[in-house]
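Residues 4 to 519 in this note's numbering are what the sequence shown spells out, letter by letter. Glycine included, every Cβ here is placed at the ideal spot set by N, Cα and C. Structure, as C-alpha coordinates:
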Amino acid sequence: MDYMIGVDIGTTSTKVALFDLHGKLQTVSRQLYPIYHELPDRAEEDPAAIFAAVIAGLTAVVHDKAVQQTEVKGIAFSSVMHSVILMDKHDQKLTRAITWADNRAVATAKVLKDSANSQQLFARTGVPIHPMSPLTKLMWFKQNQPELLRQTKQVIGVKEYVLWRLFGRYVEDYSIANATGLFNINTLDWDEAALDLAGITRAQLPELVDTDHQLRGMDQEIATTIGLATDTPVIIGASDGTLSNLGLNAIRPGAVAVTIGTSGAVRMVAATPKVDAAGRLFTYYLDKTHWVIGGPVNNGGIVFQWVRDQLFAPEKAIAAAQGTDLYEKLTQLASTIPAGAGGLLCQPYLGGERAPLWDADARGSYFGLTQSHTRAHLVRATLEGVVYNLNAVLQLLKALSDGPLTIQASGGFAHSQLWCQILADVFAQNVSIPTSIESSALGAVVLGMKSLGYIDDLHDVATMMGTTKQIIPMPADVAVYQRIIPIWSGVTEKLSSEYEQIAAFQREFPVMQLPS
(Lines of atoms letter the chains of each structure in order from A and count residues from 1; the text may use other names and numbers.)
(Lines give C-alpha, C1' and ligand atoms only; values in the text may rest on other atoms or scores of the structure.)
Protein backbone atom coordinates (compact mmCIF):
# COMPACT_ATOMS: atom_id res chain seq x y z
CA MET A 1 0.00 0.00 0.00
CA ASP A 2 1.15 3.56 -0.69
CA TYR A 3 0.99 6.30 1.92
CA MET A 4 1.28 10.03 2.60
CA ILE A 5 2.33 11.38 6.00
CA GLY A 6 0.97 14.59 7.49
CA VAL A 7 3.02 16.30 10.21
CA ASP A 8 1.06 18.81 12.30
CA ILE A 9 3.33 20.86 14.60
CA GLY A 10 1.11 22.32 17.32
CA THR A 11 1.45 24.49 20.40
CA THR A 12 1.74 21.69 22.96
CA SER A 13 2.24 18.62 20.77
CA THR A 14 3.10 17.36 17.32
CA LYS A 15 0.77 14.90 15.64
CA VAL A 16 2.04 12.72 12.82
CA ALA A 17 -0.68 10.99 10.81
CA LEU A 18 -0.30 8.25 8.21
CA PHE A 19 -2.91 8.28 5.43
CA ASP A 20 -3.43 6.08 2.41
CA LEU A 21 -3.76 7.79 -0.96
CA HIS A 22 -7.55 7.85 -0.57
CA GLY A 23 -7.18 10.04 2.52
CA LYS A 24 -8.08 7.31 5.00
CA LEU A 25 -6.29 7.65 8.32
CA GLN A 26 -4.19 4.57 9.11
CA THR A 27 -2.45 5.55 12.34
CA VAL A 28 -1.48 8.65 14.28
CA SER A 29 1.20 9.45 16.85
CA ARG A 30 1.06 12.38 19.27
CA GLN A 31 4.23 13.64 20.95
CA LEU A 32 3.99 16.19 23.78
CA TYR A 33 6.37 18.97 24.86
CA PRO A 34 6.19 21.66 27.54
CA ILE A 35 5.66 25.40 27.37
CA TYR A 36 7.92 27.42 29.68
CA HIS A 37 6.36 30.34 31.57
CA GLU A 38 9.43 31.62 33.41
CA LEU A 39 7.92 35.09 33.67
CA PRO A 40 4.18 35.88 33.76
CA ASP A 41 4.19 37.27 30.22
CA ARG A 42 6.43 34.61 28.67
CA ALA A 43 5.46 31.47 26.75
CA GLU A 44 8.43 29.68 25.22
CA GLU A 45 9.32 26.22 23.93
CA ASP A 46 12.50 24.32 23.21
CA PRO A 47 12.90 24.00 19.41
CA ALA A 48 15.02 20.87 19.89
CA ALA A 49 12.15 19.22 21.78
CA ILE A 50 9.78 20.03 18.92
CA PHE A 51 12.22 18.58 16.39
CA ALA A 52 12.59 15.46 18.53
CA ALA A 53 8.80 15.15 18.65
CA VAL A 54 8.60 15.31 14.85
CA ILE A 55 11.22 12.58 14.46
CA ALA A 56 9.63 10.41 17.16
CA GLY A 57 6.21 10.78 15.54
CA LEU A 58 7.47 9.95 12.06
CA THR A 59 9.36 6.94 13.39
CA ALA A 60 6.30 5.74 15.33
CA VAL A 61 3.87 5.76 12.40
CA VAL A 62 6.36 4.19 9.99
CA HIS A 63 7.12 1.35 12.39
CA ASP A 64 3.54 0.95 13.63
CA LYS A 65 2.41 -0.09 10.15
CA ALA A 66 5.73 -1.65 9.10
CA VAL A 67 5.80 0.80 6.20
CA GLN A 68 8.45 0.19 3.54
CA GLN A 69 10.55 3.11 2.27
CA THR A 70 9.09 2.89 -1.22
CA GLU A 71 5.53 3.03 0.14
CA VAL A 72 5.92 6.57 1.55
CA LYS A 73 5.16 8.82 -1.40
CA GLY A 74 5.57 12.07 0.48
CA ILE A 75 5.49 13.98 3.76
CA ALA A 76 3.63 17.27 4.12
CA PHE A 77 3.83 19.79 6.95
CA SER A 78 1.29 21.82 8.89
CA SER A 79 2.49 24.15 11.61
CA VAL A 80 1.38 26.49 14.33
CA MET A 81 1.92 30.16 13.44
CA HIS A 82 3.61 33.23 14.99
CA SER A 83 6.67 31.60 16.57
CA VAL A 84 10.06 33.32 16.67
CA ILE A 85 13.52 31.76 17.03
CA LEU A 86 16.67 33.86 16.66
CA MET A 87 19.66 31.99 15.18
CA ASP A 88 23.27 33.24 15.19
CA LYS A 89 25.92 33.08 12.45
CA HIS A 90 26.95 29.62 13.66
CA ASP A 91 23.35 28.36 13.31
CA GLN A 92 23.01 28.18 17.07
CA LYS A 93 19.83 29.23 18.87
CA LEU A 94 19.96 32.63 20.56
CA THR A 95 16.45 32.15 21.97
CA ARG A 96 13.92 29.44 22.58
CA ALA A 97 10.87 29.35 20.33
CA ILE A 98 8.77 32.30 21.44
CA THR A 99 5.16 31.24 20.90
CA TRP A 100 2.02 33.08 19.85
CA ALA A 101 0.92 33.03 23.51
CA ASP A 102 3.94 35.07 24.65
CA ASN A 103 2.83 38.55 25.75
CA ARG A 104 6.14 40.35 26.29
CA ALA A 105 5.27 42.71 23.42
CA VAL A 106 1.96 43.96 24.89
CA ALA A 107 3.14 47.56 25.31
CA THR A 108 4.96 47.51 21.97
CA ALA A 109 1.83 46.30 20.17
CA LYS A 110 -0.31 49.00 21.80
CA VAL A 111 2.01 51.76 20.63
CA LEU A 112 2.08 50.33 17.11
CA LYS A 113 -1.69 49.88 17.02
CA ASP A 114 -2.20 53.52 18.02
CA SER A 115 0.28 54.81 15.43
CA ALA A 116 -0.73 56.71 12.30
CA ASN A 117 0.41 53.93 9.95
CA SER A 118 -1.23 50.97 11.68
CA GLN A 119 -4.19 50.68 9.31
CA GLN A 120 -1.97 50.73 6.23
CA LEU A 121 0.30 48.13 7.84
CA PHE A 122 -2.67 45.85 8.51
CA ALA A 123 -4.01 46.34 4.98
CA ARG A 124 -0.67 45.22 3.52
CA THR A 125 0.00 42.28 5.85
CA GLY A 126 -3.48 41.02 6.78
CA VAL A 127 -2.30 40.40 10.36
CA PRO A 128 -4.04 42.23 13.23
CA ILE A 129 -1.59 44.16 15.39
CA HIS A 130 -1.18 42.13 18.56
CA PRO A 131 1.68 40.79 20.71
CA MET A 132 1.18 37.34 19.14
CA SER A 133 2.84 38.47 15.91
CA PRO A 134 6.56 38.04 15.21
CA LEU A 135 6.59 41.67 14.04
CA THR A 136 5.77 43.00 17.51
CA LYS A 137 8.10 40.47 19.19
CA LEU A 138 10.99 41.61 17.00
CA MET A 139 10.14 45.23 17.77
CA TRP A 140 10.34 44.28 21.46
CA PHE A 141 13.82 42.84 20.93
CA LYS A 142 14.82 45.96 18.99
CA GLN A 143 13.76 48.11 21.96
CA ASN A 144 14.84 45.88 24.84
CA GLN A 145 17.61 43.55 23.64
CA PRO A 146 19.10 45.18 20.52
CA GLU A 147 22.39 43.33 21.00
CA LEU A 148 20.53 40.05 20.42
CA LEU A 149 19.18 41.25 17.08
CA ARG A 150 22.69 42.35 16.10
CA GLN A 151 23.88 38.78 16.68
CA THR A 152 20.99 37.32 14.66
CA LYS A 153 21.73 35.75 11.30
CA GLN A 154 18.27 34.22 10.76
CA VAL A 155 14.80 34.85 12.17
CA ILE A 156 12.75 31.67 11.86
CA GLY A 157 9.82 29.80 13.40
CA VAL A 158 9.35 26.24 14.57
CA LYS A 159 8.60 24.74 11.14
CA GLU A 160 11.61 26.46 9.61
CA TYR A 161 13.78 25.10 12.45
CA VAL A 162 12.58 21.55 11.79
CA LEU A 163 13.19 21.88 8.05
CA TRP A 164 16.65 23.32 8.68
CA ARG A 165 17.50 20.28 10.83
CA LEU A 166 16.19 17.97 8.10
CA PHE A 167 17.67 19.67 5.02
CA GLY A 168 20.21 22.27 6.15
CA ARG A 169 18.23 25.08 4.46
CA TYR A 170 16.36 28.06 5.82
CA VAL A 171 13.12 28.09 3.84
CA GLU A 172 9.65 29.41 4.68
CA ASP A 173 6.30 29.00 2.96
CA TYR A 174 4.06 31.93 2.06
CA SER A 175 1.40 30.85 4.56
CA ILE A 176 3.64 30.85 7.65
CA ALA A 177 5.40 34.00 6.41
CA ASN A 178 2.02 35.69 5.96
CA ALA A 179 1.27 35.20 9.67
CA THR A 180 4.46 36.95 10.80
CA GLY A 181 3.17 40.46 10.08
CA LEU A 182 6.31 40.95 7.95
CA PHE A 183 4.81 39.70 4.66
CA ASN A 184 2.95 41.71 2.02
CA ILE A 185 -0.18 39.85 0.89
CA ASN A 186 -0.35 41.87 -2.32
CA THR A 187 3.20 41.18 -3.53
CA LEU A 188 3.79 37.78 -1.84
CA ASP A 189 7.11 39.09 -0.57
CA TRP A 190 8.57 40.51 2.62
CA ASP A 191 7.20 43.98 3.40
CA GLU A 192 10.09 46.44 3.59
CA ALA A 193 8.26 48.90 5.87
CA ALA A 194 7.44 46.10 8.31
CA LEU A 195 11.07 44.93 8.25
CA ASP A 196 12.18 48.46 9.11
CA LEU A 197 9.82 48.47 12.10
CA ALA A 198 11.20 45.11 13.21
CA GLY A 199 14.80 46.22 12.86
CA ILE A 200 15.83 43.42 10.50
CA THR A 201 16.60 42.96 6.80
CA ARG A 202 15.39 40.40 4.29
CA ALA A 203 18.84 38.80 4.46
CA GLN A 204 17.93 37.69 8.00
CA LEU A 205 14.80 35.90 6.82
CA PRO A 206 14.40 32.53 5.08
CA GLU A 207 13.96 31.95 1.38
CA LEU A 208 10.26 32.30 0.50
CA VAL A 209 8.52 29.49 -1.40
CA ASP A 210 4.95 28.55 -2.25
CA THR A 211 3.03 26.12 -0.08
CA ASP A 212 3.35 23.28 -2.62
CA HIS A 213 7.16 23.53 -2.72
CA GLN A 214 8.98 20.19 -2.53
CA LEU A 215 12.18 19.54 -0.58
CA ARG A 216 14.39 16.50 -1.15
CA GLY A 217 17.69 15.23 0.19
CA MET A 218 16.86 14.62 3.85
CA ASP A 219 19.79 14.17 6.21
CA GLN A 220 20.94 10.55 5.81
CA GLU A 221 21.24 9.76 9.52
CA ILE A 222 17.80 11.18 10.30
CA ALA A 223 16.18 9.38 7.36
CA THR A 224 17.71 6.08 8.50
CA THR A 225 16.46 6.63 12.05
CA ILE A 226 12.91 7.16 10.80
CA GLY A 227 13.04 4.41 8.20
CA LEU A 228 12.66 6.62 5.14
CA ALA A 229 14.59 7.14 1.92
CA THR A 230 16.61 10.36 1.80
CA ASP A 231 14.90 11.37 -1.44
CA THR A 232 11.38 11.08 0.04
CA PRO A 233 9.68 14.29 -1.12
CA VAL A 234 8.75 16.68 1.68
CA ILE A 235 6.10 19.27 0.82
CA ILE A 236 6.61 22.39 2.91
CA GLY A 237 2.86 22.90 3.40
CA ALA A 238 1.17 25.78 5.18
CA SER A 239 -0.13 26.99 8.53
CA ASP A 240 -2.33 24.78 10.70
CA GLY A 241 -5.36 27.05 10.50
CA THR A 242 -5.44 27.27 6.71
CA LEU A 243 -4.85 23.54 6.37
CA SER A 244 -7.60 22.78 8.87
CA ASN A 245 -10.04 24.50 6.51
CA LEU A 246 -8.73 22.35 3.67
CA GLY A 247 -8.90 19.15 5.73
CA LEU A 248 -12.50 19.94 6.67
CA ASN A 249 -13.45 20.64 3.04
CA ALA A 250 -14.24 24.19 4.12
CA ILE A 251 -12.66 25.82 1.07
CA ARG A 252 -15.74 26.49 -1.00
CA PRO A 253 -17.67 29.78 -0.75
CA GLY A 254 -19.79 29.98 2.39
CA ALA A 255 -18.04 27.14 4.25
CA VAL A 256 -16.78 28.01 7.73
CA ALA A 257 -14.36 25.92 9.80
CA VAL A 258 -14.58 26.12 13.59
CA THR A 259 -11.78 24.64 15.66
CA ILE A 260 -11.43 24.31 19.41
CA GLY A 261 -8.23 22.77 20.69
CA THR A 262 -6.08 24.43 23.32
CA SER A 263 -7.05 27.66 21.59
CA GLY A 264 -9.57 28.03 18.77
CA ALA A 265 -10.51 29.76 15.54
CA VAL A 266 -13.34 30.51 13.12
CA ARG A 267 -12.31 30.73 9.46
CA MET A 268 -13.70 30.90 5.93
CA VAL A 269 -12.05 30.98 2.49
CA ALA A 270 -12.02 33.63 -0.22
CA ALA A 271 -10.55 33.49 -3.74
CA THR A 272 -8.58 36.70 -3.21
CA PRO A 273 -7.27 38.54 -0.12
CA LYS A 274 -10.19 40.09 1.77
CA VAL A 275 -9.31 42.45 4.63
CA ASP A 276 -11.58 43.48 7.50
CA ALA A 277 -11.44 47.29 7.58
CA ALA A 278 -11.56 47.34 11.39
CA GLY A 279 -8.56 45.02 11.71
CA ARG A 280 -10.41 42.31 13.64
CA LEU A 281 -9.84 39.36 11.27
CA PHE A 282 -6.72 37.87 9.73
CA THR A 283 -6.12 37.17 6.03
CA TYR A 284 -3.81 34.16 5.51
CA TYR A 285 -2.50 32.49 2.36
CA LEU A 286 -3.27 28.85 1.53
CA ASP A 287 -2.51 28.91 -2.18
CA LYS A 288 -2.91 31.40 -5.00
CA THR A 289 -6.69 30.90 -5.24
CA HIS A 290 -7.52 30.23 -1.58
CA TRP A 291 -7.13 32.84 1.17
CA VAL A 292 -8.33 32.04 4.68
CA ILE A 293 -10.15 34.85 6.50
CA GLY A 294 -10.93 34.49 10.17
CA GLY A 295 -10.26 35.09 13.80
CA PRO A 296 -8.12 33.11 16.26
CA VAL A 297 -9.07 32.87 19.92
CA ASN A 298 -6.66 32.25 22.79
CA ASN A 299 -9.20 30.66 25.05
CA GLY A 300 -10.50 27.29 23.93
CA GLY A 301 -9.93 23.98 25.66
CA ILE A 302 -7.33 25.56 27.92
CA VAL A 303 -10.17 27.22 29.88
CA PHE A 304 -11.86 23.85 30.40
CA GLN A 305 -8.49 22.51 31.53
CA TRP A 306 -8.23 25.33 34.11
CA VAL A 307 -11.68 24.42 35.47
CA ARG A 308 -10.67 20.78 35.72
CA ASP A 309 -7.36 21.53 37.45
CA GLN A 310 -8.54 24.25 39.85
CA LEU A 311 -12.13 23.27 40.68
CA PHE A 312 -11.87 19.48 40.46
CA ALA A 313 -8.35 18.73 41.73
CA PRO A 314 -9.39 15.76 43.94
CA GLU A 315 -11.42 14.23 41.12
CA LYS A 316 -8.48 14.76 38.76
CA ALA A 317 -6.20 12.77 41.06
CA ILE A 318 -8.75 9.95 41.32
CA ALA A 319 -9.29 9.87 37.55
CA ALA A 320 -5.54 9.73 36.96
CA ALA A 321 -5.22 6.79 39.35
CA GLN A 322 -8.12 4.98 37.68
CA GLY A 323 -7.06 5.81 34.14
CA THR A 324 -10.42 7.45 33.37
CA ASP A 325 -11.28 10.61 31.43
CA LEU A 326 -12.30 13.40 33.81
CA TYR A 327 -13.26 15.68 30.92
CA GLU A 328 -16.00 13.25 29.95
CA LYS A 329 -17.31 13.19 33.50
CA LEU A 330 -17.29 16.98 33.67
CA THR A 331 -19.26 17.33 30.44
CA GLN A 332 -21.76 14.80 31.81
CA LEU A 333 -22.02 16.97 34.91
CA ALA A 334 -22.54 20.09 32.79
CA SER A 335 -25.24 18.32 30.78
CA THR A 336 -27.39 18.16 33.93
CA ILE A 337 -27.65 21.97 33.81
CA PRO A 338 -30.03 23.64 31.30
CA ALA A 339 -28.83 25.96 28.56
CA GLY A 340 -27.81 29.36 29.89
CA ALA A 341 -26.34 27.88 33.11
CA GLY A 342 -28.95 29.57 35.26
CA GLY A 343 -27.83 33.01 34.13
CA LEU A 344 -24.17 32.39 34.95
CA LEU A 345 -21.91 33.94 32.32
CA CYS A 346 -18.23 33.20 31.74
CA GLN A 347 -15.88 35.67 30.07
CA PRO A 348 -13.25 33.03 29.23
CA TYR A 349 -10.27 35.35 28.82
CA LEU A 350 -7.71 33.59 30.99
CA GLY A 351 -4.91 34.32 28.52
CA GLY A 352 -5.90 37.72 27.16
CA GLU A 353 -7.73 37.47 23.86
CA ARG A 354 -7.17 37.78 20.17
CA ALA A 355 -10.37 37.76 18.12
CA PRO A 356 -12.73 39.46 18.46
CA LEU A 357 -11.28 41.75 21.17
CA TRP A 358 -7.59 41.84 20.20
CA ASP A 359 -6.85 42.78 23.77
CA ALA A 360 -3.97 41.04 25.53
CA ASP A 361 -5.16 42.64 28.79
CA ALA A 362 -8.59 40.96 28.72
CA ARG A 363 -9.20 38.84 31.80
CA GLY A 364 -11.59 36.05 32.72
CA SER A 365 -14.61 36.40 34.96
CA TYR A 366 -17.88 34.78 35.99
CA PHE A 367 -20.87 37.13 36.06
CA GLY A 368 -24.27 36.45 37.58
CA LEU A 369 -22.98 34.12 40.30
CA THR A 370 -25.41 33.38 43.14
CA GLN A 371 -25.33 31.00 46.09
CA SER A 372 -27.68 28.73 44.15
CA HIS A 373 -25.04 28.02 41.51
CA THR A 374 -22.93 24.87 41.79
CA ARG A 375 -19.75 23.54 40.24
CA ALA A 376 -21.91 22.00 37.53
CA HIS A 377 -23.15 25.48 36.61
CA LEU A 378 -19.55 26.72 36.47
CA VAL A 379 -18.59 23.94 34.07
CA ARG A 380 -21.58 24.58 31.82
CA ALA A 381 -21.01 28.36 31.87
CA THR A 382 -17.36 27.82 30.93
CA LEU A 383 -18.20 25.67 27.90
CA GLU A 384 -20.83 28.20 26.85
CA GLY A 385 -18.50 31.18 27.35
CA VAL A 386 -15.91 29.73 24.98
CA VAL A 387 -18.62 29.25 22.35
CA TYR A 388 -20.12 32.73 22.90
CA ASN A 389 -16.71 34.17 22.06
CA LEU A 390 -16.44 32.04 18.91
CA ASN A 391 -19.92 33.20 17.94
CA ALA A 392 -18.76 36.81 18.16
CA VAL A 393 -16.07 35.98 15.59
CA LEU A 394 -18.64 34.22 13.40
CA GLN A 395 -20.73 37.38 13.32
CA LEU A 396 -17.74 39.31 11.93
CA LEU A 397 -17.35 36.73 9.16
CA LYS A 398 -21.04 36.94 8.34
CA ALA A 399 -20.60 40.67 7.78
CA LEU A 400 -17.92 39.92 5.15
CA SER A 401 -19.78 37.04 3.54
CA ASP A 402 -21.94 37.27 0.43
CA GLY A 403 -24.41 34.59 1.49
CA PRO A 404 -25.37 31.96 4.06
CA LEU A 405 -22.64 30.04 5.83
CA THR A 406 -22.27 26.35 6.64
CA ILE A 407 -20.32 25.17 9.69
CA GLN A 408 -17.70 22.40 9.82
CA ALA A 409 -16.13 21.78 13.23
CA SER A 410 -13.03 19.97 14.45
CA GLY A 411 -10.54 19.86 17.29
CA GLY A 412 -10.45 18.10 20.61
CA PHE A 413 -13.82 19.53 21.62
CA ALA A 414 -15.46 17.51 18.83
CA HIS A 415 -15.16 14.46 21.09
CA SER A 416 -17.76 16.07 23.38
CA GLN A 417 -21.36 15.68 22.25
CA LEU A 418 -22.43 18.40 24.71
CA TRP A 419 -19.91 20.96 23.51
CA CYS A 420 -20.86 20.29 19.88
CA GLN A 421 -24.54 20.70 20.78
CA ILE A 422 -23.82 24.01 22.52
CA LEU A 423 -22.01 25.14 19.37
CA ALA A 424 -24.99 24.30 17.16
CA ASP A 425 -27.45 25.94 19.57
CA VAL A 426 -25.42 29.14 20.02
CA PHE A 427 -24.72 29.41 16.28
CA ALA A 428 -28.40 28.53 15.62
CA GLN A 429 -27.54 26.28 12.69
CA ASN A 430 -26.45 22.76 11.82
CA VAL A 431 -22.85 21.81 12.54
CA SER A 432 -21.01 19.04 10.64
CA ILE A 433 -18.39 16.99 12.49
CA PRO A 434 -16.11 14.72 10.42
CA THR A 435 -15.30 11.26 11.73
CA SER A 436 -11.59 12.05 11.42
CA ILE A 437 -10.68 15.16 13.39
CA GLU A 438 -7.04 15.33 12.22
CA SER A 439 -8.04 18.10 9.85
CA SER A 440 -4.73 19.99 9.65
CA ALA A 441 -2.73 16.82 8.99
CA LEU A 442 -5.23 15.74 6.32
CA GLY A 443 -5.12 19.22 4.79
CA ALA A 444 -1.33 19.01 4.60
CA VAL A 445 -1.57 15.60 2.92
CA VAL A 446 -4.11 16.86 0.37
CA LEU A 447 -1.86 19.82 -0.46
CA GLY A 448 1.06 17.40 -0.78
CA MET A 449 -0.86 15.01 -3.01
CA LYS A 450 -1.73 17.85 -5.37
CA SER A 451 1.91 18.97 -5.43
CA LEU A 452 3.01 15.43 -6.31
CA GLY A 453 0.31 14.94 -8.95
CA TYR A 454 -1.79 12.32 -7.15
CA ILE A 455 -4.85 14.58 -7.32
CA ASP A 456 -5.73 17.42 -9.68
CA ASP A 457 -7.66 19.72 -7.37
CA LEU A 458 -7.76 20.58 -3.67
CA HIS A 459 -11.52 20.06 -3.78
CA ASP A 460 -10.81 16.33 -4.11
CA VAL A 461 -10.62 16.44 -0.31
CA ALA A 462 -14.42 16.05 -0.38
CA THR A 463 -13.95 12.38 -1.29
CA MET A 464 -11.45 11.78 1.53
CA MET A 465 -13.29 12.98 4.60
CA GLY A 466 -15.34 9.87 5.20
CA THR A 467 -18.65 10.28 6.97
CA THR A 468 -19.73 13.26 9.01
CA LYS A 469 -22.27 13.58 11.76
CA GLN A 470 -24.76 16.43 11.85
CA ILE A 471 -25.51 18.29 15.06
CA ILE A 472 -28.99 19.85 14.83
CA PRO A 473 -29.78 22.89 16.99
CA MET A 474 -32.52 22.47 19.59
CA PRO A 475 -35.06 25.30 19.17
CA ALA A 476 -35.74 25.77 22.88
CA ASP A 477 -32.05 26.14 23.68
CA VAL A 478 -31.49 28.40 20.67
CA ALA A 479 -34.12 30.74 22.12
CA VAL A 480 -32.35 30.76 25.50
CA TYR A 481 -29.01 31.61 23.94
CA GLN A 482 -30.44 34.33 21.73
CA ARG A 483 -31.75 35.98 24.87
CA ILE A 484 -28.59 35.66 26.97
CA ILE A 485 -25.85 36.33 24.38
CA PRO A 486 -26.57 40.10 24.21
CA ILE A 487 -26.14 40.23 28.00
CA TRP A 488 -22.81 38.38 27.72
CA SER A 489 -21.67 40.75 24.96
CA GLY A 490 -22.67 43.78 27.01
CA VAL A 491 -20.70 42.59 30.04
CA THR A 492 -17.60 42.04 27.91
CA GLU A 493 -17.90 45.49 26.33
CA LYS A 494 -18.44 47.25 29.66
CA LEU A 495 -15.33 45.65 31.17
CA SER A 496 -12.93 46.87 28.45
CA SER A 497 -11.41 49.70 30.50
CA GLU A 498 -11.31 47.54 33.63
CA TYR A 499 -9.35 44.89 31.72
CA GLU A 500 -6.52 47.36 31.18
CA GLN A 501 -6.58 48.47 34.80
CA ILE A 502 -6.62 45.00 36.32
CA ALA A 503 -3.89 43.78 33.96
CA ALA A 504 -1.69 46.70 35.04
CA PHE A 505 -2.40 45.82 38.68
CA GLN A 506 -1.47 42.18 38.05
CA ARG A 507 1.80 43.18 36.43
CA GLU A 508 2.64 45.19 39.55
CA PHE A 509 1.28 42.57 41.96
CA PRO A 510 1.66 39.21 40.18
CA VAL A 511 -0.43 36.18 41.05
CA MET A 512 1.43 34.15 43.65
CA GLN A 513 1.94 30.53 42.65
CA LEU A 514 1.38 28.19 45.60
CA PRO A 515 3.50 25.03 45.76
CA SER A 516 1.68 22.03 44.32
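Ranked by Cα distance from L138, the first of F186, E175, S118 is F186. Apart from the 5 residues on each side of it in sequence, L399 sits with its Cβ closer than 8 Å to the Cβ of D279, R283, L284, G298, A358, P359 in its chain, given in chain order. Judged by DSSP in its simplified three-state form, H133 adopts coil rather than helix or strand. K453 carries a helical assignment under DSSP once its states are collapsed to helix, strand and coil. In the three-state reduction of the DSSP assignment, L400 falls in the helix class, which pools H, G and I.
Within the stretch 170-248, the runs of beta strand (DSSP E) at least 3 residues long that lie entirely inside it are, in chain order, 174-176, 210-212, 237-242. Counting only residues of its own chain and dropping the five nearest sequence neighbours on each side, A258 has a CB closer than 6 Å to the CB of T409. Every alpha helix (DSSP H) of 4 residues or more that sits fully in the stretch 15-76 is shown, in chain order, as 50-67.
Annotated as proximal: V382 and L314, with beta-carbon spacing under 9 Å. A direct Cα-Cα distance of roughly 16 Å separates T228 from V237. Distance from the CA atom of Q123 to the CA atom of D312, rounded to whole angstroms, is 43 Å. With a contact defined as Cβ atoms closer than 8 Å, Q411 and A253 qualify at about 5 Å. Contact between the stretch 197-208 and the stretch 126-143 is present, with at least three C-beta pairs closer than 8 Å. Counting only residues of its own chain and dropping the five nearest sequence neighbours on each side, K145 has a CB closer than 8 Å to the CB of L152, A201, G202. In the structure shown, the three-state DSSP call for T102 is coil.
In the structure shown, the three-state DSSP call for V158 is strand.
Counting only residues of its own chain and dropping the five nearest sequence neighbours on each side, S338 has a CB closer than 6 Å to the CB of L421.
According to the DSSP assignment, D312 belongs to the alpha helix (DSSP H) that extends over 304-314. Pairing G469 with T265, the inter-Cα distance amounts to about 25 Å. Between G446 and G303, the C-beta gap is not smaller than 9 Å, which leaves the two residues out of contact.
For the 9 Å CB-CB criterion, V269 and V161 do not form a contact. Within the stretch 380-449, the complete alpha helix (DSSP H) runs of at least 4 residues fall at 420-430. Rounded to whole angstroms, the separation of the alpha carbons of G456 and L35 is 33 Å. One Cα belongs to L208, the other to N181, and the distance between them is close to 13 Å. A check of alpha carbon separations from L89 across D328, Q154, T73, P351 identifies Q154 as the nearest. For I505, the closest of L403, A379, D362 by C-alpha to C-alpha distance is D362.
In the structure shown, V114 adopts helical secondary structure according to DSSP, grouped into three states. Excluding the 5 residues flanking it on each side, K68 has same chain C-beta neighbours closer than 7 Å at L21, Q29, T30, in chain order. In the structure shown, W491 falls within a helical segment according to DSSP collapsed to helix, strand and coil.
Rounded to whole angstroms, the Cβ separation of I159 and Y288 is 18 Å, and the two are not in contact under 8 Å. For L289, the enclosing beta strand (DSSP E) begins and ends at 285-290. Annotation for P341: no alpha helix (DSSP H) segment contains it, and DSSP assigns it neither H nor E. About 5 Å separates the beta carbon of V429 from that of V390, a gap short enough to meet the 8 Å contact definition.
Counted as a single uninterrupted DSSP element, the stretch harbouring R366 is not any alpha helix (DSSP H), since DSSP gives it neither H nor E. Your pair V165 and I53 checks out as a contact, with CB atoms roughly 7 Å apart and the cut at 8 Å. Note on M477: under 16 other CB atoms within 10 angstroms of its CB, so exposed under the neighbour-count rule.
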